[in-house]
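Residue numbers (this note's numbering): 47 to 134.
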């Protein structure tokens, strides 16, 4: 199936591995997870079909994710690789 770009709302968090606090780096020592929800109902779109999917932030940063549970239009997600965001 060809790739399709859709708008989503994402609620995401960084999860830190406590054993890596010394010389901490978001890209190397953290994972990210959360939930993604389609902004609009999209006929034929199932977030589980994106295996993996690519989450692109408004500033252009992006990273891969896997759906972890939920429905076609709302799903938990687990990040693959560096988070496309950082905490303030």
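In this text, a Cβ means the ideal position worked out from N, Cα and C, and glycines have one as well. Computed from a prediction, not measured in an experiment: that's the story for all the values here.
| Asked | Found |
| --- | --- |
| From the DSSP output, read off the bridge partner residues of residue 112. | 124 |
| So which of 121, 60, 115, 132 has the shortest CA-CA distance to residue 105? | 132 |
| Cutting at 8 Å between CB atoms, please list the residues of its own chain near residue 91, excluding the five before and the five after it. | 50, 52, 84, 118, 119 |
| Would you kindly check if the distance between the Cβ of residue 79 and the Cβ of residue 109 is under 8 Å? | no |
| For residue 53, list the residues DSSP reports as bridge partners. | Looking at the DSSP assignment, residue 53 forms no beta bridge with any residue, so it has no partner. |
| Identify which residue in 111, 115, 121, 116 has its Cα closest to the Cα of residue 77. | 111 |
| Can you find the residues in the same chain that come closer than 7 Å, C-beta to C-beta, to residue 123, ignoring five residues on each side of it along the sequence? | 79, 80, 81, 82, 111, 112, 113, 114 |
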